[in-house]
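Here is the structure we will look at.
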Amino acid sequence: MKEAARIANAHHFISSLPHGYDTHVGMRGVDLTPGQKQRIAIARVVLKNAPILLIDEASSSIESESSRVVQEALDTLVMGNKTTILIAHRAAMMRHVDNIVVLNGGRIVEEGSHDSLMAKNGLYVRLMQPHFGKGLHHNRLV
Numbered sequence: 001m002k003e004a005a006r007i008a009n010a011h012h013f014i015s016s017l018p019h020g021y022d023t024h025v026g027m028r029g030v031d032l033t034p035g036q037k038q039r040i041a042i043a044r045v046v047l048k049n050a051p052i053l054l055i056d057e058a059s060s061s062i063e064s065e066s067s068r069v070v071q072e073a074l075d076t077l078v079m080g081n082k083t084t085i086l087i088a089h090r091a092a093m094m095r096h097v098d099n100i101v102v103l104n105g106g107r108i109v110e111e112g113s114h115d116s117l118m119a120k121n122g123l124y125v126r127l128m129q130p131h132f133g134k135g136l137h138h139n140r141l142v
């Protein structure tokens with residue numbers, strides 16, 4: 001369990017809770033931040049060791065510092081030998097995935113790697129523009 005928490009970047013904050021891993025959380029216990037809850041969820045996924053992961057907006061409701069820590073944990077998790085289906089509106093993970101499917105109106109409008117989609121200068125580039133801003137130059141990230 002502690003190794004799963006380490007992979008999920010949760011061990012440090014769990015250890016600092018009043019009773020460590022035995023701390024009660026929730027209605028009658030300690031309240032966790034949204035980022036801490038996400039890291040606990042990632043640790044549970046690590047323990048389950050499922051061959052396929054479905055990650056839906058893993059960092060959508062958390063503050064930026066927690067988002068970075070959650071992102072690092074997800075990077076560690078998906079770099080293993082698991083098929084991962086990632087549903088995301090944020091750009092942070094896009095460079096790390098093998099294949100991106102861009103949906104518009106419920107239909108697939110583009111598909112490919114991050115680099116190939118950037119080269120197409122289509123909807124993917126327009127969706128990524130707000131995330132990369134000035135880092136997007138001539139359809140390439142710099």
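The letter at position 111 of the sequence shown is residue 111 when you use the UniProt record's numbering, and the numbering goes up by one with no holes. We put the CB at the ideal spot given by N, CA and C, even for glycine.
Bridge partners - residue i, DSSP secondary structure assignment
i: Glu-72; result: Paired residue(s): none; Glu-72 is not in a bridge.
i: Gly-112; result: Ile-100
i: Val-25; result: Val-30
i: Ile-55; result: Leu-86
i: Arg-44; result: DSSP lists no partner for Arg-44.
i: Arg-107; result: Asn-104
C-beta contact flag for residue i and residue j at 8 Å
i: Val-102; j: Tyr-124; result: yes
i: Asn-99; j: Glu-111; result: yes
i: Asn-9; j: Ala-73; result: yes
i: Thr-83; j: Ile-52; result: yes
i: Ala-4; j: Val-46; result: yes
i: Ile-7; j: Thr-76; result: yes
Exposure of residue i, with buried meaning 16 or more beta-carbon neighbours within 10 Å
i: Met-1; result: exposed
i: Pro-130; result: exposed
i: Val-142; result: Confidence at Val-142 is low in this model, with a pLDDT of 39, below 50, so the placement of that residue should be treated as unreliable; the coordinate-derived value is given next. Its Cβ having fewer than 16 others within 10 Å, Val-142 is exposed.
i: His-24; result: exposed
i: Gly-35; result: buried
i: Ile-42; result: buried
i: Ile-85; result: exposed
i: Arg-140; result: Residue placement at Arg-140 is flagged as unreliable, the pLDDT there being 46, under the threshold of 50; a coordinate-derived value is accordingly withheld.
i: His-19; result: exposed
i: His-12; result: exposed
i: Asp-31; result: exposed
Residue from the options whose Cα sits closest to the Cα of residue i
i: Gln-71; options: Thr-83, Lys-82, Asn-81 and Ala-88; result: Ala-88
i: Gln-38; options: Lys-48, Ile-55 and Val-30; result: Ile-55
i: Leu-117; options: Gly-35, Met-94, Ile-85 and His-11; result: Met-94
Delimiting residues of the alpha helix (DSSP H) encompassing residue i
i: Leu-32; result: Run containing Leu-32: none; DSSP gives neither H nor E here.
i: Ala-4; result: 2 to 7
i: residue 146; result: Limits of the chain in this structure are 1 at one end and 142 at the other, which puts residue 146 out of reach.
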